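J.:
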RNA sequence: GUGGCCGUAGUUCAGCGGUAGAGCGCCAGAUUGUGAUUCUGGUUGUCGCGGGUUCGAAUCCCGUCGGUCACCCCA
């Protein structure tokens, strides 16, 4: 690297063709799964007023935003997530639309923090949201989708687990424990951190609120699935044959303040329960941000953690590699055996491309063996040899190593026929 | 924001005070219009950047910028 070259910004990503392939695979799989569930794609702005995030989460969160003052003096921030934008867009646009609205989006998000494994300053997030439907039937369809996204990526039962909960079970607990209802948000924060926090600190915090760890653990252990909405959710997922992927765990409450009902997270079972996706119901956010009441639920999955998980899971990686085997490979390579026939070869290249066959050729004169090596390197399935005998051309099936002589006029059909067999 | 480790050829890395190396890759050749393997030959670097110590620095010191992992935080 020379002194004059300029490095990329820390945490921002460059996708060379090799890594772009994995990203595109994720996008394709995400998009296909969302469409199977009848979701439609939308897009929101990447840059938003900083206030959009401040209003929801307070000043503390601004430190983790990529934010600045633009040339017009506006305080702006690159989006750290897409739900606030969605809430505004949906609240503004929902009137006159059939409900539920099932919307999905794939796009980059940004957070100003130091990167580590599974975490960068720029990452892509897949978001699916169901708007305008308060029933748990929507939550269930959303969770089913999240499971199918995982299966679409090649993950199986035993690789991951959907841990399911409902924030509304906790007010009940607090009432019985004699804790004031206004302490609910603080209490949920403690529950959210419980798994990764020192036990002594958790105990101390719970006691400060007038309860204790034993009571919380007992509640999580015993009363888990009794909550009717959770029962309904589980019944719905069981009817779909998906109960094996799901487990109720009231300790899941999600860190975000805006969740109001069922919440869930998908965990990598092997790697110490690493979270790969999460979501839940947020019935008040559209009112808060957009000024129109609209019940909603949604989930998000980032590309970095799921990418790591995929690479560490052999059968998921194998599925990707199968997909990759056909990706960026071309159909035909035109070999110019007689340089005086280059104009005919160019006609051939264009004819093949017009027939929908990805085709390449050498720009400059080259030996025939060299051209075959290039064909091989590009993953061409067939070679078309143009030589002195034109308009007769030779069509070679590179995998079978078989070759036939055919007239140029019948080439496209013959090439398509050979490609169809491969 | 804090800390550990790491920046040397396209790549993976070795070298750790005496003018820069290996494997892989890449390029060329092994006579006629056919891919693999093999063989032969060849190619490549401001040793991240800037300062300092030294007769001499890839090597030691300081700074800086990146990368990576952990903490913090996690939407």
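Residue numbers (the working numbering): 461 to 882.
A virtual CB, placed ideally from N, CA and C, is assigned to each residue, including glycine.
Values in this document were obtained by computation on a predicted structure and should not be read as measured data.
#1: Decide if residue 480 is buried, meaning its Cβ has at least 16 other Cβ atoms within 10 Å, or exposed.
#2: Let me confirm a value: residue 506 is counted as buried when at least 16 other C-beta atoms fall within 10 Å, else exposed. Which label applies?
#3: Which residues share a DSSP beta bridge with residue 761?
#4: Mark residue 681 as exposed unless 16 or more other C-beta atoms lie within 10 angstroms of its C-beta, in which case mark it buried.
#5: So, residue 713 versus residue 661, is the Cβ gap smaller than 8 angstroms?
#6: Where residue 829 and residue 845 are concerned, what is the direct C-alpha to C-alpha distance, given to the nearest angstrom?
#7: Short of 7 angstroms in beta carbon distance, which residues of its chain neighbour residue 579, apart from the five on each side in sequence? Order them along the chain.
#8: Please state the DSSP three-state secondary structure of residue 839.
#9: Look at the alpha carbon of residue 595 and the alpha carbon of residue 567, and state the distance between them as a whole number of angstroms.
#10: What is the rounded straight-line gap between the Cα of residue 498 and the Cα of residue 760?
#11: Once the 5 residues before and after residue 777 are set aside, which same chain residues still bring their CB inside 8 angstroms of it?
#12: Provide the residue span of the alpha helix (DSSP H) that contains residue 633, from first to last.
#13: For the alpha helix (DSSP H) holding residue 814, just list the boundary residues, first then last.
#14: Is it buried or exposed, residue 610, if we count other Cβ atoms within 10 angstroms and call 16 or more buried?
#15: Roughly how far, in whole angstroms, is the beta-carbon of residue 746 from the beta-carbon of residue 598, given that I think they are within contact range, below 8 angstroms?
#16: Does DSSP classify residue 512 as helix, strand or coil?
#17: Which same chain residues, not among the five before or five after residue 577, have their C-beta less than 8 angstroms away from its C-beta?
#18: Tell me, to the nearest whole angstrom, how far the beta carbon of residue 724 is from that of residue 795; I am working on the premise that it is less than 8 angstroms.
#19: Leaving out five residues on either side along the sequence, give the residues of the same chain with a beta carbon under 6 angstroms from the beta carbon of residue 618.
#20: In this structure, how does DSSP classify residue 864 when only helix, strand and coil are distinguished?
#21: Can you give me the start and stop residues for the beta strand (DSSP E) that residue 567 sits inside?
#22: Between the beta-carbon of residue 832 and the beta-carbon of residue 843, is there less than 8 angstroms?
#23: Give a yes or no on contact between the stretch 525–534 and the stretch 482–490, applying the rule of three or more CB pairs nearer than 8 angstroms.
#24: Do you know how far the Cα of residue 673 is from the Cα of residue 554?
#25: Which partner residues does residue 529 have in the DSSP bridge list?
#26: According to DSSP, simplified to helix, strand and coil, what is residue 487?
#27: Find out if the Cβ-Cβ distance for the pair residue 563, residue 513 is shorter than 8 angstroms.
#28: Quick check on residue 686: does DSSP put it in helix, strand or coil?
#29: Just to confirm my understanding: we take residue 799, look at its own chain, exclude 5 residues before and 5 after, and list those with CB closer than 8 angstroms. What are they?
#30: With 16 other CB atoms within 10 Å as the buried threshold, where does residue 667 fall?
#31: So is residue 469 buried or exposed if we call it buried at 16+ other beta carbons inside 10 Å?
#32: Compare the beta carbon distance of residue 504 and residue 585 with 8 angstroms and say whether it is the shorter of the two.
#33: Apply the 10 Å Cβ neighbour rule to residue 880 and answer buried if 16 or more other Cβ atoms are within range, or exposed otherwise.
#34: With a threshold of 16 other CB atoms inside 10 Å of the CB of residue 632, please say whether the residue is buried or exposed.
#35: Near residue 461, what residues of its chain come up, given a Cβ to Cβ distance below 7 angstroms and the 5 sequence neighbours on each side ignored?
#36: DSSP on residue 469, reduced to helix/strand/coil?
T.: Taking the structure as given:
#1: exposed
#2: exposed
#3: 586, 737
#4: exposed
#5: no
#6: 12 angstroms
#7: 764
#8: coil
#9: 28 angstroms
#10: 17 angstroms
#11: 614, 770, 771
#12: 629–637
#13: 802–814
#14: buried
#15: Actually they are not in contact, since the Cβ atoms of residue 746 and residue 598 sit about 14 angstroms apart, beyond 8 angstroms.
#16: helix
#17: 768
#18: Residue 724 to residue 795, Cβ: 56 angstroms. No contact.
#19: none
#20: strand
#21: 561–570
#22: yes
#23: no
#24: 43 angstroms
#25: 535
#26: helix
#27: no
#28: helix
#29: 825
#30: exposed
#31: exposed
#32: no
#33: exposed
#34: exposed
#35: Any reading at residue 461 must be qualified, since the residue scores a pLDDT of 38, below 50, and its modelled position is unreliable; the value itself is stated next. Excluding residues within five positions, none has a Cβ falling inside 7 angstroms.
#36: coil
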